[in-house]
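Chemist: Handing you a structure now.
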């Protein structure tokens, strides 16, 4: 996983969790990992948080139109090994 955002929507519906996955070691393909684990990850989040969760995937780098401000409260924004994010 490269990045993760957890957002509580303004209308207080399901917690929105957006992930950017690390491509596989043998290429740039992300879909097999998502297809293999996406539903399990979503189920585990719902169980641990005891709340509705909407799990989404985006492919990197971030599109210019990607914006999370104004969609609700950002509860968490995490970054791992992401060469597309500016260094501090």
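Residue numbers (the numbering used here): 1012 to 1099. Ideal Cβ positions, reconstructed from N, Cα and C, are used throughout, including at glycine.
On the criterion of 16 or more Cβ atoms from any shown chain inside 10 Å, does residue 1051 qualify as buried, or is it exposed?
Modeler: Locating residue 1051 in the chain shown gives position 40, counting from the first residue. Burial call: exposed.
Chemist: Could you tell me whether any Cβ in chain B is nearer than 8 Å to the Cβ of residue 1068?
Modeler: No chain B appears in the structure shown, which is made up of a single protein chain.
Chemist: Going by CA-CA distance only, name the one from 1064, 1031, 1049, 1015 that's closest to residue 1025.
Modeler: As a working note, residue 1025 is residue 14 in the chain shown. Of the listed residues, the one whose Cα sits closest to residue 1025 is 1064.
Chemist: Whole angstroms is fine: what's the gap from residue 1033's alpha carbon to residue 1022's?
Modeler: Numbered from 1 along the chain shown, position 22 holds the residue referred to as residue 1033. Numbered from 1 along the chain shown, position 11 holds the residue referred to as residue 1022. Their backbone Cα atoms lie some 31 Å apart in a straight line.
Chemist: If you draw a straight line from the alpha carbon of residue 1015 to that of residue 1058, how long is it in whole angstroms?
Modeler: Numbered from 1 along the chain shown, position 4 holds the residue referred to as residue 1015. Numbered from 1 along the chain shown, position 47 holds the residue referred to as residue 1058. Distance between the alpha carbons of residue 1015 and residue 1058: 18 Å.
Chemist: When we look at the beta-carbon of residue 1089 and count the other beta-carbons within 10 Å, is it buried (16 or more) or exposed?
Modeler: Here residue 1089 refers to the residue found at position 78 of the chain shown. Counting Cβ neighbours within 10 Å, residue 1089 comes out exposed, since fewer than 16 surround it.
Chemist: Quick one: what's residue 1083 bridged to in DSSP?
Modeler: As a position in the chain shown, residue 1083 is number 72, starting the count at 1. In DSSP, residue 1083 forms a bridge with 1020.
Chemist: Just tell me which of 1027, 1068, 1056, 1029 has its CA closest to the CA of residue 1045.
Modeler: For this step, residue 1045 is matched to residue 34 along the chain shown. Nearest C-alpha to residue 1045: 1068.
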